Structure formats: C-alpha cells, structure tokens
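Student:
There are 4 protein chains.
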Amino acid sequence: MTISIETARKIIAAALAKGRAAGMKPLSVVVVDAGGHTIAFEREDGASPGRYAIAHGKAHGCIMLGLPGSAIQARADSQAYFVQAMNGLFDGDFVPVKGGVLVRDGAGTVIGAVGITGDTSDNDALAASAGIEAAGLVAES
Amino acid sequence: MTISIETARKIIAAALAKGRAAGMKPLSVVVVDAGGHTIAFEREDGASPGRYAIAHGKAHGCIMLGLPGSAIQARADSQAYFVQAMNGLFDGDFVPVKGGVLVRDGAGTVIGAVGITGDTSDNDALAASAGIEAAGLVAES
Amino acid sequence: MTISIETARKIIAAALAKGRAAGMKPLSVVVVDAGGHTIAFEREDGASPGRYAIAHGKAHGCIMLGLPGSAIQARADSQAYFVQAMNGLFDGDFVPVKGGVLVRDGAGTVIGAVGITGDTSDNDALAASAGIEAAGLVAES
Amino acid sequence: MTISIETARKIIAAALAKGRAAGMKPLSVVVVDAGGHTIAFEREDGASPGRYAIAHGKAHGCIMLGLPGSAIQARADSQAYFVQAMNGLFDGDFVPVKGGVLVRDGAGTVIGAVGITGDTSDNDALAASAGIEAAGLVAES
Chain X
1 MTISIETARK
11 IIAAALAKGR
21 AAGMKPLSVV
31 VVDAGGHTIA
41 FEREDGASPG
51 RYAIAHGKAH
61 GCIMLGLPGS
71 AIQARADSQA
81 YFVQAMNGLF
91 DGDFVPVKGG
101 VLVRDGAGTV
111 IGAVGITGDT
121 SDNDALAASA
131 GIEAAGLVAE
141 S
Chain S
1 MTISIETARK
11 IIAAALAKGR
21 AAGMKPLSVV
31 VVDAGGHTIA
41 FEREDGASPG
51 RYAIAHGKAH
61 GCIMLGLPGS
71 AIQARADSQA
81 YFVQAMNGLF
91 DGDFVPVKGG
101 VLVRDGAGTV
111 IGAVGITGDT
121 SDNDALAASA
131 GIEAAGLVAE
141 S
Chain Z
1 MTISIETARK
11 IIAAALAKGR
21 AAGMKPLSVV
31 VVDAGGHTIA
41 FEREDGASPG
51 RYAIAHGKAH
61 GCIMLGLPGS
71 AIQARADSQA
81 YFVQAMNGLF
91 DGDFVPVKGG
101 VLVRDGAGTV
111 IGAVGITGDT
121 SDNDALAASA
131 GIEAAGLVAE
141 S
Chain F
1 MTISIETARK
11 IIAAALAKGR
21 AAGMKPLSVV
31 VVDAGGHTIA
41 FEREDGASPG
51 RYAIAHGKAH
61 GCIMLGLPGS
71 AIQARADSQA
81 YFVQAMNGLF
91 DGDFVPVKGG
101 VLVRDGAGTV
111 IGAVGITGDT
121 SDNDALAASA
131 GIEAAGLVAE
141 S
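Chains as they are written, first to last, in full-length UniProt numbering: chain X, 1 to 141; chain S, 1 to 141; chain Z, 1 to 141; chain F, 1 to 141.
1) Let me make sure I understand the geometry here. Which of Ala80(S), Gly88(S), Ile11(S) and Phe41(S) has the alpha-carbon closest to that of Ile5(X)?
2) Using a Cβ-Cβ cut-off of 9 Å, state whether His56(X) counts as contacting chain Z.
3) Closer than 8 Å by beta-carbon distance: list the chain S residues that pair up with Ile39(X), in chain order.
4) Is it the case that the Cβ atoms of Gly131(X) and Val110(X) are separated by a distance below 9 Å?
5) Distance cutoff 9 Å, beta carbons only. Does Ile72(X) sit that close to anything in chain F?
6) Once you ignore the five residues that flank Arg75(X) on each side, which residues in its own chain have a CB closer than 7 Å to its CB?
7) Please list the partners that Ile3(Z) has in chain S, where partner means a Cβ-to-Cβ separation under 8 Å.
8) Looking at C-beta atoms only, is the number of pairs between the segment 58-78 of chain Z and the segment 84-94 of chain F that lie closer than 8 Å three or more?
9) Should Leu16(S) go down as buried or exposed, given a rule of 16 or more other Cβ atoms within 10 Å for buried?
10) In the DSSP assignment, find the unbroken alpha helix (DSSP H) run with Asp122(S) in it and report its ends.
11) Check whether the Cβ atoms of Pro96(F) and Glu140(F) lie closer than 9 Å to each other.
12) Taking C-beta pairs closer than 8 Å, name the residues in chain S that Gly35(X) reaches, listed in chain order.
13) Quick check on the burial criterion: 16 or more other C-beta atoms within 10 angstroms. Buried or exposed for Leu102(X)?
14) Just how far apart, CA to CA, sit Asp119(S) and Ala107(S)?
15) Three Cβ pairs or more, each shorter than 8 Å: is that satisfied between the segment 50-65 of chain X and the segment 42-49 of chain F?
16) Using only the alpha-carbon positions, how far apart do Ala59(X) and Glu44(X) sit?
17) Starting from Val110(X), trace the beta strand (DSSP E) both ways and give me its first and last residue.
18) Beta-carbon of Tyr81(F) versus every beta-carbon of chain Z: anything under 9 Å?
19) Jot down the residue ranges of each uninterrupted alpha helix (DSSP H) in the segment 2-50 of chain X, minimum 4 residues, whole runs only, in chain order.
20) Here's the rule: buried if 16 or more other CB atoms are within 10 angstroms of the residue's CB, otherwise exposed. What is Gly136(F)?
21) Kindly provide the ranges of any alpha helix (DSSP H) runs that are 4 or more residues long and lie completely inside the segment 58-116 of chain S, ordered along the chain.
22) Ordered along the chain, which non-local residues of its own chain (more than five positions away) have a Cβ less than 8 Å from that of Thr38(X)?
23) For Ala8(S) and Thr2(S), I'd like the C-alpha separation in whole angstroms.
24) Could you tell me the distance, in whole angstroms, from the CA atom of Lys25(Z) to the CA atom of Gly19(Z)?
25) Note down the Cα distance separating Ala90(F) from Gly36(F), rounded to an integer number of angstroms.
26) Label Ser78(F) either buried or exposed according to how many other C-beta atoms from any shown protein chain fall within 10 Å of its C-beta, with 16 as the threshold for buried.
27) Quick check: is any heavy atom of the ligand GTP less than 8 Å from the C-beta of Val31(F)?
28) Using a Cβ-Cβ cutoff of less than 7 Å, which residues in the same chain neighbour Asp93(F) once the five nearest sequence positions on both sides are dropped?
29) Starting from Ile63(Z), find everything on chain S with Cβ-Cβ shorter than 9 Å and list it in chain order.
30) Quickly, what does DSSP pair Ala139(S) with across the bridge? List them, please.
31) Could you compute how far the alpha carbon of Asp122(F) sits from the alpha carbon of Val138(F)?
32) Buried or exposed, going by whether 16 or more other CB atoms sit within 10 Å of the CB of Gly100(Z)?
33) Any Cβ of chain Z within less than 9 Å of the Cβ of Ala20(F)?
34) Using a Cβ-Cβ distance under 9 Å, would Arg104(F) count as near chain Z?
35) Hey, how far is the Cα of Gly23(Z) from the Cα of Ala13(F)?
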C-alpha cells in the first residue's frame with residue numbers, strides 16, 4: 001500500500017483545518033512516501049520561507065530511523081551527539097523534534113510520514129495526526 | 001504581490017488538468033516564491049521518487065537567474081560549462097531545461113516560478129504555463 | 001510488493017553467477033528498494049574500493065528518474081548537460097550509464113533497482129538482468 | 001590479509017543469526033575493508049530505509065580513527081564537540097556509538113570493520129562481535 005496523491009491532499013487539508021480550528025500559527029505540511037520522497041507539500045500564507053526544509057527534515061528523519069518525532073526528540077534529549085550525528089549523516093535533512101509523524105496502514109506497515117512545522121512542536125504533531133487519521137490511516141507521533 | 005497558497009493550489013490543479021487533457025505522463029509540479037522557496041508541490045501517482053528535486057531545480061534555477069527555462073536551456077546548448085557552473089554554484093538545485101517558468105504579476109514583476117517534470121521538457125513547460133495563466137498571472141516559459 | 005532480503009540475496013547470487021559463467025571481471029552488485037535505499041550489496045574479490053558508490057549511483061539514478069540505465073545513457077549522449085545536472089541535483093549519487101536496471105513486479109510497478117559495475121556497462125546490465133529474472137521478477141535494463 | 005567476500009558473507013550470516021537467536025529487532029550489517037570501503041551489506045526485512053547509512057557510519061568511523069565504537073562513544077560522552085567535528089570532517093559518515101567493531105587478524109592488524117544498527121547500540125555490538133568471531137577473526141568492540 002502506498003499513499004496516493006489524493007490521500008496526500010486529504011491529509012494536508014485536514015491537518016491545516018485542524019490548525020485553523022485550534023488557532024495555530026501558519027503551518028507547513030509535507031507528506032512523504034516510504035522512502036522519504038515528497039508526494040505533496042503546502043505552506044500557508046504568513047509562514048517563513050524555510051518551512052519546506054524543516055517539514056521535510058522532520059518527516060525524512062522519521063522515515064530514515066523508522067521512529068516518530070517524539071522518540072527522536074527523546075533520544076536527542078538523552079544522547080544529543082547521536083542525534084547530531086544523524087543530522088550530519090543525512091546531510092542536514094533530519095530535524096529531531098516532534099511534528100514528524102509516521103503513517104502506517106492497517107497492517108502496521110510504515111507507508112510514509114508527515115512533517116509539520118509552524119506552531120509549537122507539540123501542536124505540529126497534533127495537526128499531523130489529525131490529518132493522517134482523517135484520511136483513514138494510523139498515525140504514530 | 002505574492003503568490004498565496006490558494007493561488008498556488010489553482011496553478012497546480014490547472015497544470016495537472018492540462019497534463020491529463022493532453023495525455024501527458026504523470027507530472028510533478030512545484031510553485032516557488034520570489035526567493036525560490038517552495039509554496040506548494042504535488043507529485044501525481046506513477047511519477048518517480050526524484051521528481052520533487054527535479055521540479056524544484058527547474059523553478060529555482062529560473063528564480064536565481066531571473067530567466068525562464070527556455071533561456072537557460074539555450075544557454076546550456078551554447079555554453080554548457082556556464083550552466084554546469086551554475087549547477088555547482090547552487091548546490092545542484094539548478095536544472096537547465098524547459099519546464100521552469102517564471103510567474104509575473106500584471107506589472108511585470110517576478111513573483112515566483114513554477115517547475116514541472118514528468119513528460120518532455122516542452123510539454124512540462126506547456127502545462128506550467130497553462131497553470132499560471134489559469135490563475136490569472138503571466139507566464140514566461 | 002517489496003523486495004525482501006531473501007529475494008535480494010537471490011538476485012545478487014544469480015548476477016554474480018552470470019558474471020562468473022561469462023568470464024566477466026569482478027562485479028559489485030547493489031539491490032535498492034523503491035526509494036533508492038540499499039537492501040543488500042556484495043563486492044567480489046579483486047574489485048576496486050569505489051565500487052559501492054558506482055553501483056549505488058547506477059541503481060539510484062534509475063529509481064530517481066524511473067528510467068533504466070540505457071535510457072539515461074541515451075539522454076546523456078543527446079543532452080549531456082541535463083544528465084550532468086542530475087548528477088549535481090542528486091549530490092553525485094547518479095551514474096548515467098548502463099548497468100542500472102529497474103526491477104518491476106508482475107503488475108509492472110517499480111519495486112526497486114539493481115546496479116552493477118565492474119565489467120563493460122553492457123555486461124554489467126546483462127548480469128543485473130540475469131539476477132533479477134532468476135528471482136522471478138521483471139528486469140528493464 | 002584482507003576480508004574476502006566469502007568471509008564477509010560469513011560475518012553477516014552469523015551476526016544476523018545472533019540477532020535472531022537473541023530476539024533483537026531487524027538488523028542491518030555492513031562489512032568494510034581496511035580503507036572503510038564497503039565489501040558487503042544486508043538489511044533485514046522490517047528495518048527502516050536509513051540503515052545502510054547508519055551502519056556504514058559506525059564502521060567507517062571505527063576505521064577512520066582506528067578505534068572501536070565503545071571508545072568513540074566514550075569520547076562523545078566526555079567531549080561531544082570533538083566527535084561532532086569528526087562527523088563534519090568525514091562528511092557525516094561517522095556515527096559515534098557502539099555497534100561499530102574493528103576486525104583484526106591473528107597478528108592484531110586491523111583488516112576491516114563491521115557496523116550494525118537496528119537494536120540497542122549494545123546489542124548491535126554484540127551481534128557484530130558474534131559475526132566476526134564466527135568467521136575466525138578477532139573483534140574489538
């Protein structure tokens with residue numbers, strides 16, 4: 001199972017709707033496939049120019065390690081040099097905070113990830129999970 | 001004037017509609033702002049994983065030089081080493097073929113660019129121009 | 001459908017057997033998944049140290065563009081600057097000659113690629129196709 | 001003395017067998033030569049896509065410094081900035097935790113290294129040592 005462009009659009013629309021409903025700052029949302037490659041991305045008006053890279057770095061990090069943003073952030077808190085090494089290893093495309101969320105199908109297989117940036121990392125993750133679940137998929141944040 | 005996310009969505013939807021109407025291969029479309037930074041991106045089902053990078057490289061090259069893809073491709077045909085130097089200079093994010101199209105407002109100011117990849121470079125550029133014009137903006141391909 | 005490690009081992013063993021039977025020079029063989037990420041690799045005794053990078057660059061290029069090595073090599077012959085731009089875009093991990101072979105499942109979906117280096121590019125591709133077909137998959141070289 | 005492809009296969013098979021017997025998570029194993037260049041690699045089903053890079057970063061770091069992963073990790077604990085500098089120096093291909101294990105011949109000469117990732121760093125190192133010793137070589141973890 002893979003994430004189609006139609007599903008990716010649903011994820012982004014629902015994530016942005018969650019952000020608007022909760023009064024979050026302008027969000028940027030990326031959906032990547034099981035290899036970490038971008039399927040779709042949107043940056044809301046008012047978000048700063050670097051948001052694609054940050055969103056992608058969150059999602060890409062999740063895919064590369066097979067771990068959600070919360071687990072990567074916890075590892076960063078306990079062993080900073082490991083996480084910094086991952087940043088170097090993946091040529092910077094690795095942002096070790098919440099807001100990167102794994103997307104699993106019903107069988108539990110990782111089929112992609114969502115990365116969101118713009119509000120607090122906790123809120124970024126909430127919006128990502130809302131988007132994934134609205135598309136009928138399982139979020140691991 | 002800047003390209004809003006709503007306008008970017010219109011550009012992408014119209015570009016993809018053009019591709020479908022013309023029987024093109026699966027397309028990938030990026031819209032970037034006047035600084036070359038991504039506003040929105042979509043990759044159609046069946047497109048290969050590297051398409052974000054290629055689409056962005058086309059749009060980014062246009063913004064960096066202030067030239068449309070056709071002009072950059074012409075320069076590549078006449079002076080390949082210059083264009084190769086640009087590729088190195090911009091850390092690879094520079095793809096010197098058609099399919100990168102400048103977006104101008106009514107006053108002629110460059111407010112962004114569109115990059116499309118997936119079909120022939122000529123068709124990629126046609127789809128990009130169709131998307132830009134459907135959004136009421138001026139395309140320079 | 002994905003390529004399991006068991007299937008990857010079969011591909012490599014059969015590709016190397018083809019090379020030995022045909023009297024080819026020492027070969028290096030990589031199998032990557034649909035995102036271009038390495039599943040398995042072997043370098044035969046006597047092969048030079050840079051062979052992992054070359055094999056991976058062939059397979060990775062095929063995945064990124066969704067094209068077999070022969071098509072990429074043809075594009076390099078007709079429009080060298082485009083292919084050189086791809087090398088920059090993918091941070092060097094792009095080797096535009098034969099020996100990169102797409103792996104498709106029965107439905108025609110790209111599920112990975114094989115990259116081989118060591119003998120002539122034509123022979124590299126022959127060995128890769130032999131390996132893929134021995135595993136019951138479809139090779140596009 | 002060098003590590004032949006046949007020996008590398010033995011190391012990987014025995015390391016993976018150790019992981020299965022101990023109930024470890026899916027492992028990824030690389031064997032590199034005395035120059036840090038990959039001889040063979042396998043990624044077990046279920047391991048995340050970034051595992052080649054991590055495994056290689058562990059083994060490569062060991063070879064570059066002539067130190068086992070435990071010594072590099074200890075240095076990271078005591079002087080994180082030095083280890084971060086090594087990560088930058090070697091272009092990211094340097095992962096400073098256990099699971100990188102030097103391979104020595106009977107005379108004590110470093111002839112390569114093994115890098116494993118997937119379970120805890122301690123378990124990664126155990127599996128690597130098991131693989132090296134099963135091949136009749138000396139492991140320094």
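Just so it is clear, CB atoms sit at the ideal spot from N, CA and C, and this is done for glycine as well. In this text the structure is predicted, and so the values were computed from the model without any measurement.
Tutor: Working from what's here:
1) Considering only alpha carbons, the answer is Phe41(S).
2) Cβ-Cβ to chain Z under 9 Å: no for His56(X).
3) Within chain S, the residues near Ile39(X) are Glu42 and Arg43.
4) No. Outside cutoff.
5) Output row for Ile72(X): interface = no.
6) Excluding positions up to five away in sequence, the list reads Phe82 and Val83.
7) Listed along chain S is no residue with a C-beta nearer than 8 Å to that of Ile3(Z); the closest approach is about 15 Å.
8) No, they do not touch.
9) With 16 or more Cβ atoms within 10 Å of its Cβ, Leu16(S) is classed as buried.
10) Going by DSSP, Asp122(S) is part of the alpha helix (DSSP H) stretching over Ser121 to Ala134.
11) Cβ distance not < 9 Å, so Pro96(F) and Glu140(F) don't count as in contact.
12) Gly35(X) reaches chain S at Pro49, counting residues in chain order whose Cβ is nearer than 8 Å.
13) Leu102(X) comes out buried.
14) Using only the alpha carbons, I get a separation of about 31 Å.
15) As far as the Cβ criterion goes, the segment 50-65 of chain X touches the segment 42-49 of chain F, which means the pair count is three or higher.
16) Cα to Cα, the separation comes out at about 18 Å.
17) Here the beta strand (DSSP E) through Val110(X) covers Val110 to Thr117.
18) No, no contact with chain Z.
19) DSSP runs (the alpha helix (DSSP H)) wholly in the segment 2-50 of chain X: 5-21.
20) Around the CB of Gly136(F), fewer than 16 other CB atoms lie within 10 Å, so the residue is classed as exposed.
21) Fully enclosed alpha helix (DSSP H) runs of 4 or longer: 69-78 and 80-89.
22) Sequence-distant partners of Thr38(X) (beyond 5 residues in either direction) whose C-beta falls short of 8 Å from its own C-beta, in its chain, are Val30, Val31, Val32 and His56.
23) Answer to the nearest angstrom: the Cα atoms are 10 Å apart.
24) One C-alpha to the other measures close to 7 Å.
25) A quick correction: the sequence has Phe, not Ala, at residue 90(F). Phe90(F) and Gly36(F): Cα-Cα distance of roughly 12 Å.
26) Exposed, because fewer than 16 other Cβ atoms sit within 10 Å of the Cβ of Ser78(F).
27) This structure simply doesn't include the ligand GTP, nor any ligand for that matter.
28) Taking Asp93(F) as the centre and dropping the five residues before and after it, the same chain places the C-beta of His56, Gly57 and His60 closer than 7 Å to its C-beta, in chain order.
29) Per Cβ cutoff of 9 Å: Ser48, Pro49 and Gly50.
30) According to DSSP, Ala139(S) shares a beta bridge with Val103(S).
31) If you take the alpha carbons of Asp122(F) and Val138(F), they lie about 18 Å apart.
32) Taking all protein chains shown into account, Gly100(Z) has 16 or more neighbouring C-beta atoms within 10 Å of its C-beta and is therefore buried.
33) This sequence places Arg at residue 20(F); Ala is not what is there. Not one beta carbon of chain Z lies nearer than 9 Å to the beta carbon of Arg20(F).
34) Arg104(F) does not count as touching chain Z.
35) Rounded to the nearest whole angstrom, the C-alpha separation of Gly23(Z) and Ala13(F) is 27 Å.
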